[in-house]
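Position 312, counted from 1, in the sequence shown is what the numbering used here calls 302; the numbers after and before it change by one each time, with no gaps.
Beta carbons: idealized from backbone N, C-alpha and C, even for Gly.
For reference, the structure is listed below as structure tokens.
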Amino acid sequence: MSASFDSPLVGIDIGSTTVKAVAVDSANEVVWRDYQRHETRQTEKLLEFLERMEALGVAGPGCRIFFTGSGGRSLAPLVGAKFVQEVHAVSLAVEKLYPEARSAVELGGQDAKIIVFKPGPEGQGKRRICSMNDKCAGGTGAVIDRIAAKLQISPSQLGDQGYGGIRLFSVAGKCGVFAETDINSLQKLGATREQLMASLFEAIIVQNLSVLARGHTLHPQVVLLGGPNTFIRGMREAWRNSLPRMWVERGVQVPSDKSLEELVTAPRDGHYFAALGAVEYARGESASTGRYKGTRELEEYLRQGRTKEKLRSGTSALVGSAEELATFSRRYQLPRFHPASFDRGQNVSAFIGLDGGSTSTKAVLLSENKQVLCKAYQLSGGNPIQETIDVLENLRAQVEGQGARLKILGAGTTGYAKDVLADVIRADVALVETAAHAQSALEVYRNPDVIVDVGGQDIKLIVLKDGRVKDFMLNTQCSAGNGYFLQSTVEGLGHAVDEYAELAFSARLMPVFSFGCAVFLQADIVNFQRQGWTSVEILAGLAAVLPKNIWLYVAKIPN
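As structure tokens, then:
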């Protein structure tokens, strides 16, 4: 049964990962609010929110509505809403609810904001100094989500993840890619999930204080906002550990009559502050601004508008016809691997090759005449030693399961974890990946020129000449288009990674990505999904941009 509210004000924050909404009545009471992940379906989630508010009598005639957030600007005109820049919205909410605050930090899905409040000229209130990340998502919720997913930490476990009293390791926080690389390396060295996440929290805070703050000091009272600060205990603990050190170093006078929780406060509704600020902005606008006009145009956009937008911005897909795909597949289809067969009682002598990569562990048994007898592959689950045991047991089972006897003649390791795994299995050699790739390419192919290795965390180009490595290039600034990015993207879109090629080739249209940084690619994905591009079409677009990342971004080859 719907209620009736007197001229409610509605603020909706459409972010990169979530939609947040609050409705306030004329008595300044919050009469409705909700916070949900939109799973990249911003428009659909917004429509769902509005329909529920209409059913309750919150949204309707007389309602005024104001949008903010990364997805709000383009959707606001469809329902009559006024758009409010999100830093301005957050600032208004902090000034209203925490008038004594000197600083605020909001961590969002793909952005981070720091707002420093300083006294303005006499009689003119506070002066705001705002900064927001615009080049990278390092130090944001997206990095936390990606690494938590990699470490198989559930949302409830993440929320209870602590910081205090946990051993910390050095993690680069200036870039999400570098942070993931460090986490992978530490994981291979045996660091626990709790230590890795606590180290990540520390890195994110150092990044925000050293870079995003632009040299400004976050004086108390500091207000912590956004989903990560609101929901993750360890983030709050890390802030309360780091900020007092900064105050001591910079000689900040700290009120002695307030607790640390009061000096660095994390409101329970900190994830709603942008939406609350949009409502606060509405109070200063005329009664005709932001008049809600219903969902008809929004529904029309979902039915037809997005398709037209797609056709204007997209391009033809990877293949033009079924015949073209069939020709391509015949030419480039990898031969199916068939493990060797053994007789019962046969003695099998072989070498072990083990690759401890950033996202997977691979192993092969190689015969004395350099034939691959069998192989094993396993995605990383966070314990490189156990994964090595599993793949080696797999190899042994493939031989001894046929009744043969296996004798190991030697072993070599490569990859991120090569040194640790070499110690564990007492390998004869731990070989850098460049040399390992070159050795194999020269053995299998005649006169190879270039090796392109798209790995879990990096992309390598190895140029060969006369049987030797002539040049080597590695992406040192970004791992856009790497294996882990592609894997996490396809799984986030609800598909299995081994279905990628088949799905991408089935698309008839695809969006055009900007090549380069993984952060920008992820932002493109969110925007494309708002426009109605399907997951299959997005995967096709990613497949098309990957070669550009390799040759233009990594190799820097202009033609």
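In this structure, does DSSP put residue i in helix, strand or coil?
i	result
Q519	helix
T255	strand
A530	helix
Y543	helix
L292	helix
T305	strand
N337	strand
I2	strand
F495	helix
M(-9)	At M(-9) the pLDDT is 37, less than 50, meaning the model places this residue with poor confidence; the figure from the coordinates comes in the next sentence. In this structure, M(-9) counts as coil in the three-state DSSP scheme.
R92	coil
Q26	strand
I143	coil
P537	helix
K283	coil
K248	coil
Y262	helix
A420	strand
I222	coil
S121	strand
Measuring only the C-alpha atoms, how far is residue i from residue j?
i	j	result
R465	N539	The sequence shown places Asn at residue 465, rather than the Arg named in the question. Cα to Cα, the separation comes out at about 10 angstroms.
L36	A139	26 angstroms
I173	I137	8 angstroms
V362	G131	43 angstroms
G267	P67	19 angstroms
V535	Q211	46 angstroms
Q197	L511	22 angstroms
I104	V442	41 angstroms
Y406	P438	25 angstroms
L385	S331	13 angstroms
T7	S319	37 angstroms
V13	V48	First, the amino acid is wrong: residue 13 is Ala here, not Val. In a straight line, the C-alpha of A13 is about 7 angstroms away from that of V48.
R92	F495	54 angstroms
M(-9)	L46	Caution applies to M(-9), whose pLDDT of 37 falls short of 50 and renders its modelled position unreliable; the value that the coordinates give is listed next. Distance between the alpha carbons of M(-9) and L46: 7 angstroms.
A545	L454	14 angstroms
A188	G217	17 angstroms
E44	P109	42 angstroms
G310	T524	18 angstroms
Applying the criterion that 16 or more other CB atoms from any shown protein chain within 10 Å of the CB defines a buried residue, is residue i buried or exposed?
i	result
G457	exposed
L421	buried
E433	exposed
Y322	exposed
T399	Looking at the sequence provided, one finds Leu at residue 399 rather than Thr. By the 10 Å Cβ count, L399 comes out exposed.
L557	What the structure shows of the chain is the stretch from -9 to 549, and residue 557 is not part of that stretch, so it cannot be assessed.
L190	buried
V419	exposed
D561	Since the first residue of the chain shown is -9 and the last is 549, residue 561 is not available in this structure.
K408	buried
N472	buried
E377	buried
E90	exposed
K360	exposed
P501	buried
A425	exposed
L369	exposed
A71	buried
Pull up the CB-CB distance for residue i and residue j, whole angstroms please, since I reckon it's below 8 angstroms.
i	j	result
A94	V80	7 angstroms
L396	A340	7 angstroms
L532	L476	7 angstroms
G149	I194	Going by Cβ atoms, the distance from G149 to I194 rounds to 16 angstroms, so no, they are not a contact pair.
L499	K300	7 angstroms
V381	T351	5 angstroms
Y262	Y25	7 angstroms
L208	R230	In fact, because the Cβ distance is near 12 angstroms, the residues do not count as touching under 8 angstroms.
L324	G343	Not really, about 19 angstroms apart at Cβ, beyond 8 angstroms.
Specify, as a first and last residue, the run of the beta strand (DSSP E) that residue i falls within.
i	result
P109	A102 to P109
S357	S350 to S357
Q429	Where Q429 is concerned, there is no enclosing beta strand (DSSP E), although the alpha helix (DSSP H) it sits in stretches over E423 to V434.
R458	R458 to L464
Y367	V362 to L369
Output the boundary residues of the alpha helix (DSSP H) element that contains residue i.
i	result
Q392	From DSSP, Q392 is part of no alpha helix (DSSP H); its letter is neither H nor E.
T317	A312 to Y322
K10	From DSSP, K10 is part of no alpha helix (DSSP H) but of the beta strand (DSSP E) over T8 to V14.
I156	Looking at the DSSP string, I156 is not in any alpha helix (DSSP H), and its letter there is neither H nor E.
S81	E76 to L87
I195	R183 to Q197
L36	Q32 to A45
When you compare the CB of residue i with every CB in chain C, is at least one pair closer than 8 angstroms?
i	result
P(-2)	Looking at the structure shown, chain C is missing, and only one protein chain is on hand.
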